[in-house]
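**Q**
There are 4 protein chains.
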Amino acid sequence: MALTGRRKWLNEVIFGTDTPAGRNFDVFLIWAILVSVGLVLLASVERIAGRYGETLFALEWFFTALFTVEYFLRIYCAVERRRYIFSFYGIVDLLAILPSYLALVYTGASYLLVVRLLRVLRIFRVLKLVRYLRDANVLLRSFGLARRKILVFYASVLVMCVIFGALMFLVEGPGHGFTSIPKSVYWAIVTITTVGYGDISPHTVLGQAIASMTMLIGYSIIAVPTGIVTAELASELHQERSLRRCDNCSRAGHDRDAEYCKYCGYKLEDLHAEL
Amino acid sequence: MALTGRRKWLNEVIFGTDTPAGRNFDVFLIWAILVSVGLVLLASVERIAGRYGETLFALEWFFTALFTVEYFLRIYCAVERRRYIFSFYGIVDLLAILPSYLALVYTGASYLLVVRLLRVLRIFRVLKLVRYLRDANVLLRSFGLARRKILVFYASVLVMCVIFGALMFLVEGPGHGFTSIPKSVYWAIVTITTVGYGDISPHTVLGQAIASMTMLIGYSIIAVPTGIVTAELASELHQERSLRRCDNCSRAGHDRDAEYCKYCGYKLEDLHAEL
Amino acid sequence: MALTGRRKWLNEVIFGTDTPAGRNFDVFLIWAILVSVGLVLLASVERIAGRYGETLFALEWFFTALFTVEYFLRIYCAVERRRYIFSFYGIVDLLAILPSYLALVYTGASYLLVVRLLRVLRIFRVLKLVRYLRDANVLLRSFGLARRKILVFYASVLVMCVIFGALMFLVEGPGHGFTSIPKSVYWAIVTITTVGYGDISPHTVLGQAIASMTMLIGYSIIAVPTGIVTAELASELHQERSLRRCDNCSRAGHDRDAEYCKYCGYKLEDLHAEL
Amino acid sequence: MALTGRRKWLNEVIFGTDTPAGRNFDVFLIWAILVSVGLVLLASVERIAGRYGETLFALEWFFTALFTVEYFLRIYCAVERRRYIFSFYGIVDLLAILPSYLALVYTGASYLLVVRLLRVLRIFRVLKLVRYLRDANVLLRSFGLARRKILVFYASVLVMCVIFGALMFLVEGPGHGFTSIPKSVYWAIVTITTVGYGDISPHTVLGQAIASMTMLIGYSIIAVPTGIVTAELASELHQERSLRRCDNCSRAGHDRDAEYCKYCGYKLEDLHAEL
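Residue numbers (the numbering used here), protein chains in the order written: chain A, 251 to 525; chain B, 251 to 525; chain C, 251 to 525; chain D, 251 to 525.
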């Protein structure tokens with residue numbers, strides 16, 4: 251179903267990125283989202299909330315109104331309304347305005363904050379609109395291909411964390427901060443990811459020996475996801491290059507930064523335009 | 251030796267993954283293992299153990315009974331019984347039930363916990379059963395090929411840790427937490443793996459200079475295992491691709507996500523099916 | 251416009267790296283910069299500043315005078331004066347001497363220190379002069395090609411840090427050090443980059459669970475920039491090799507460490523000389 | 251000059267690795283070195299030194315005597331004596347026994363410990379003897395090719411650490427642990443390498459913002475050495491493979507784990523044997 255008249259024009263402005271108006275709308279929206287998220291962050295600082303609380307509250311509602319109007323316009327001009335409403339971005343759009351209204355009924359401050367937090371997700375929508383998305387796609391496709399390998403990897407890491415955590419619980423015991431196996435597993439994750447807060451750390455000789463082993467294993471394990479993603483990315487890049495084809499002589503294999511066909515000198519299309 | 255009758259059916263259900271019954275049994279077993287491990291974790295939390303200790307004890311024995319029955323059924327229906335019993339999974343299966351029975355004789359709480367811990371290993375058996383195993387195989391083969399390089403790497407890291415540890419023991423001394431060379435080696439491992447608990451940290455200017463050097467070296471060393479595994483993985487992936495061959499025109503080199511032969515359009519076999 | 255006489259000679263000495271005089275001047279300048287930066291570092295140590303304050307002050311002015319003379323000579327002998335003054339290195343050259351003079355008017359100690367700090371930037375100029383620059387170029391080109399992918403990556407990391415930070419602010423609250431969302435975002439960055447100071451760390455069970463998730467995600471995310479840069483570097487290296495061409499038989503594809511053409515035995519040009 | 255008689259036999263045993271006697275001698279030596287280093291570590295633990303001090307002292311001298319005899323035998327049977335004495339391993343061999351004798355004259359405990367520390371270096375000699383050396387060579391060659399790129403990288407990291415350190419010194423000041431620029435540079439190194447002890451950490455909002463930037467930059471920088479080494483290793487592995495040549499049909503390009511020529515079925519030589 252093709253849209254006509256005002257709905258078509260609105261659709262091009264709000265959903266589209268091809269016309270100048272559509273582009274300007276997207277840029278404006280990105281800034282509005284960033285500013286509103288910035289306000290949520292500021293409002294969480296006690297000193298600022300105490301002094302500028304009312305101004306922040308007013309601005310909060312200004313943005314809520316703005317995004318509410320935008321949400322209904324999106325529904326109005328969507329090609330398939332039901333599909334938009336239940337799409338990922340449709341749900342995020344709704345969640346980004348709902349909490350402010352919910353805060354009118356339940357005055358609990360903590361609830362209000364959860365509401366504001368969800369608006370942060372709106373920033374993802376930005377990625378949908380700008381040209382960086384194509385690179386995000388390459389990254390996501392690499393992750394997609396590596397999905398199963400990464401799952402196997404995470405399962406192994408978790409099993410190791412549980413085993414090392416339980417071992418440390420037995421060796422160090424509640425006296426040194428390892429109060430339960432779940433807490434020891436938390437310690438193992440902190441250690442194996444090389445974060446190392448130091449809020450819990452081994453004190454016995456045996457505990458430090460096991461901790462050293464955990465670290466060295468974590469150290470070598472860090473190589474695995476990097477290796478997986480790198481290998482996938484490298485083959486993605488290779489494929490990207492071999493996909494590049496001259497429109498004149500139709501030979502492929504041009505470098506990604508090449509502007510002219512190396513065989514016939516014809517101007518090459520932008521690489522990303524084809525994808 | 252081919253099995254017949256009930257033994258054959260049991261074997262297909264318990265060891266096999268090709269029939270619906272075999273698949274369901276595996277899924278059920280994975281959940282049972284995860285739940286029983288979760289119970290061990292909960293039982294280690296003092297507050298929960300105090301309130302629900304009896305329930306947890308009962309569930310503990312329920313799962314022990316379940317896994318015991320399963321263990322004997324596995325022996326009963328194995329193609330080569332002796333081989334199963336002394337295989338890696340056979341031993342893990344036994345270790346996962348033994349500790350509960352040992353706890354009846356020796357009432358030491360700590361022993362009891364070690365017993366529970368070993369049951370955690372059962373989760374590895376899950377990996378044997380599901381399709382993720384193929385990817386685990388690619389990872390393991392990469393590790394296998396890189397085995398010797400990784401050993402050289404670990405030997406060098408350990409030598410460096412001992413030398414830097416001894417240096418710091420001399421420079422900082424017992425007054426700043428470096429109470430012995432083994433403890434200083436523990437500090438060196440914590441530092442070189444970039445974990446950095448901060449439970450021991452240099453206080454003198456010379457000590458901080460040596461620590462800085464240790465970190466920068468560790469920083470560049472982190473590249474080595476990643477480089478090794480990535481290089482092996484990349485060549486594994488490359489080989490995987492070149493192995494893919496069309497059954498119709500028998501030309502190779504198809505992309506891993508390709509479904510049809512790019513030369514003759516024939517439906518390609520699943521890549522992993524051949525391996 | 252070609253320079254003549256004294257200006258041409260000075261230009262060759264100061265800007266050039268091809269004549270022995272030009273090379274010696276660069277080496278001398280690098281050492282002067284390193285020593286002067288070293289003095290700024292020493293002067294910041296209270297004990298040293300108390301004892302050798304006057305000597306350091308005198309040396310400070312000696313180097314300021316030296317670099318001032320050098321700055322005006324550079325302007326004098328530059329091919330295009332305006333272009334040099336407003337180039338990156340021209341501005342850094344000016345900033346490296348300005349603060350000492352500003353310190354004469356405003357005696358504020360803190361300002362004086364900012365002045366000294368900027369001189370540190372002068373060390374970058376060193377890179378312009380020495381032969382390591384070619385390798386820096388390979389690195390920079392790889393970064394350039396990966397620019398957009400790295401930007402997408404940083405945007406995603408920051409969004410994740412804001413979301414996890416806000417979550418932890420709600421879960422842990424001001425009582426456990428998470429005093430505001432910006433501070434919680436700081437915690438999220440400290441955690442996701444695996445730095446893990448431990449100045450703020452979760453204390454509740456739910457907080458530790460969310461922190462564990464943050465770490466595991468950060469752990470897998472660390473793979474992305476590595477993967478991007480590695481893939482770009484590998485294709486750079488590959489291109490470097492395929493660019494290498496024998497002057498005699500003009501066949502390409504020689505190894506980077508090859509000194510003679512593998513087809514005709516002719517001495518190969520230095521690889522970097524062509525780039 | 252070819253050796254004859256007893257000297258030749260000794261040379262084969264002590265320096266060689268081809269005869270069973272030479273192999274056994276090496277294995278014995280490796281164990282002796284590991285045990286003697288272990289004793290140095292134990293002697294540094296106060297509790298153990300207090301109880302078993304005399305035994306450790308006796309064993310210390312037993313190993314010193316053993317290694318002294320070995321050192322003189324090495325000189326006796328070396329093909330070119332002067333060359334052995336001044337080679338890297340010759341100097342390490344001497345340094346590994348000297349400190350015990352020096353401790354007789356200067357009874358300072360700290361000196362004695364330095365002496366023991368140097369003996370730790372002997373473990374490197376182990377690498378010379380065993381077959382893992384070939385893999386160490388591949389690693390070292392990769393490092394060699396990447397040498398200049400890694401130097402540029404380290405220079406940039408150090409410049410960044412000095413600049414960020416000076417910035418934090420100005421922003422946080424001595425009140426929050428940043429007592430001098432060198433100490434702030436130490437903090438910057440601890441942060442940029444993601445070690446993060448937490449002994450010094452920012453307390454002001456601006457300081458935490460700068461620290462966050464430092465971390466995110468360090469996070470993306472960690473990609474560079476990994477990328478360099480991986481790219482070099484991958485091309486090393488590629489070269490290794492293309493070097494593999496069948497003795498029968500002399501075609502190259504065999505997989506590293508291949509045992510038979512894929513063109514004529516002839517048994518392939520061990521890959522490493524040729525290198």
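No residue lacks a Cβ here, since even glycine has one placed at the ideal position from N, Cα and C.
When burial is assigned at 16 or more other CB atoms within 10 Å of the CB, is VAL440/A buried or exposed?
**A** By the neighbour-count rule (16 or more Cβ atoms within 10 Å), VAL440/A is buried.
**Q** Taking Cβ positions, are ILE450/D and PHE428/D nearer each other than 8 Å?
**A** Cβ atoms of ILE450/D and PHE428/D: closer than 8 Å.
**Q** Just confirm the distance between the C-beta atoms of ILE283/C and PHE275/C, as a whole number of angstroms; I'd bet it's less than 8 Å.
**A** Wrong, their Cβ atoms sit about 12 Å apart, outside the cutoff.
**Q** Looking at the secondary structure, which residues open and close the alpha helix (DSSP H) in which ASP449/C lies?
**A** Per DSSP, ASP449/C belongs to no alpha helix (DSSP H) and is neither H nor E.
**Q** Give the straight-line distance between the Cα atoms of GLU464/D and SER470/D, rounded to the nearest whole angstrom.
**A** First, the residue type needs correcting, since residue 464/D is Thr and not Glu in the sequence shown. In a straight line, the C-alpha of THR464/D is about 10 Å away from that of SER470/D.
**Q** Buried or exposed: TRP437/B, going by 16 or more other Cβ atoms within 10 Å of its Cβ?
**A** Classification for TRP437/B: buried.
**Q** Could you check which residue in MET418/B, SER434/B, LEU323/B has the C-alpha nearest to that of LYS258/B?
**A** The residue with the shortest Cα to Cα distance from LYS258/B is LEU323/B.
**Q** I'd like the list of long-range same chain contacts for VAL435/C, defined as Cβ closer than 6 Å, with 5 residues on each side in sequence excluded.
**A** Contacts found: CYS411, VAL412, GLY415.
**Q** Report buried or exposed for ILE341/A, applying the criterion of at least 16 other Cβ atoms within 10 angstroms of its Cβ.
**A** It is exposed - the Cβ of ILE341/A has fewer than 16 other Cβ atoms within 10 Å.
**Q** Just to make sure I have the definition right: I need the residues of chain C whose C-beta is within less than 7 Å of the C-beta of GLY427/D. Which are they?
**A** Neighbours of GLY427/D on chain C: none; closest Cβ ~11 Å, over 7 Å.
**Q** Using the rule of at least 16 other Cβ atoms within 10 Å of the residue's Cβ for burial, across every protein chain shown, is GLY446/B buried or exposed?
**A** Buried, because 16 or more other Cβ atoms sit within 10 Å of the Cβ of GLY446/B.
**Q** Output the distance between the C-alpha atoms of ILE400/D and PHE312/D, rounded to the nearest integer angstrom.
**A** Between ILE400/D and PHE312/D, the C-alpha separation is close to 43 Å.
**Q** Does any CB atom of chain B fall closer than 8 Å to the CB of LEU401/D?
**A** It does not; no Cβ of chain B falls within 8 Å.
**Q** I need the straight-line Cα distance from GLY477/B to ALA484/B, nearest angstrom please.
**A** For GLY477/B and ALA484/B, the distance between alpha carbons rounds to 10 Å.
**Q** Taking THR480/D as the query, report the chain A residues whose CB atoms sit under 9 Å from its CB, ordered along the chain.
**A** The answer, in chain order, is THR476, GLY477, THR480.
**Q** Consider the Cβ of LEU466/B: report whether some Cβ of chain D lies at a distance smaller than 8 Å.
**A** Yes, because at least one Cβ of chain D sits closer than 8 Å to the Cβ of LEU466/B.
**Q** Ordered along the chain, which non-local residues of its own chain (more than five positions away) have a Cβ less than 7 Å from that of ILE335/A?
**A** Excluding sequence neighbours, ILE335/A sits near ILE325.
**Q** DSSP three-state call for GLY468/A: helix, strand or coil?
**A** GLY468/A falls in the helix class under three-state DSSP.
**Q** Under 8 Å, do ILE298/D and PHE317/D count as touching if we go by C-beta distance?
**A** Their beta carbons are not under 8 Å apart, which means ILE298/D does not touch PHE317/D by this criterion.
**Q** Expressed to the nearest angstrom, what Euclidean distance is found between the alpha-carbon atoms of LEU408/B and GLY468/B?
**A** Using only the alpha carbons, I get a separation of about 12 Å.
**Q** When you compare the CB positions of PRO432/A and VAL295/B, do they come within less than 8 Å of one another, or not?
**A** Against a cut-off of 8 Å, the Cβ pair of VAL295/B and PRO432/A comes out as a contact.
**Q** Is there a Cβ of chain D sitting closer than 8 Å to that of THR454/A, yes or no?
**A** It does not: the Cβ of THR454/A has no partner Cβ on chain D nearer than 8 Å.
**Q** Could you work out which residues of chain B lie near PHE419/A, taking near to mean beta carbons separated by less than 7 Å?
**A** Within chain B, the residues near PHE419/A are SER294.
**Q** Taking the alpha-carbon positions, what's the GLU262/B to TYR339/B distance?
**A** About 17 Å.
**Q** At a CB-CB cut-off below 7 Å, which residues of chain C make contact with TYR447/A?
**A** Result: GLY446, GLY448, SER451.
**Q** To the nearest angstrom, how far is it from the Cα of VAL474/C to the Cα of ARG333/B?
**A** Their Cα atoms are separated by approximately 43 Å.
**Q** So the alpha helix (DSSP H) ILE325/A belongs to, where does it begin and stop?
**A** From DSSP, the alpha helix (DSSP H) with ILE325/A extends over 296 to 327.
**Q** Report the rounded CA-to-CA distance for GLU330/C versus SER350/C, giving the unit in angstroms.
**A** Approximately 27 Å between the Cα atoms of the pair.
**Q** Going by CA-CA distance only, name the one from CYS327/A, SER462/A, GLN458/A that's closest to THR254/A.
**A** Comparing Cα-Cα distances from THR254/A to each of CYS327/A, SER462/A, GLN458/A, the minimum goes to CYS327/A.
**Q** Skipping 5 residues on each side, what residues in its chain have a beta carbon closer than 8 Å to that of LEU306/A?
**A** Closer than 8 Å at Cβ, skipping near neighbours: LEU289, LEU292, ALA293, ILE298, ALA299.
**Q** Quick check on DSSP: helix, strand or coil for ALA346/B?
**A** Coil, per DSSP.
**Q** Does TYR436/B come within less than 8 Å of chain A when only Cβ atoms are used?
**A** Cβ-Cβ to chain A under 8 Å: yes for TYR436/B.
**Q** Since ALA484/B meets chain A, which of its residues come closer than 7 Å, beta carbon to beta carbon?
**A** Those within 7 Å of ALA484/B in chain A are ALA481, ALA484.
**Q** VAL224/C versus chain A: which residues are under 7 Å apart at the beta carbon?
**A** Examination of residue 224/C is not possible in this model, given that chain C is present from 251 through 525 alone.
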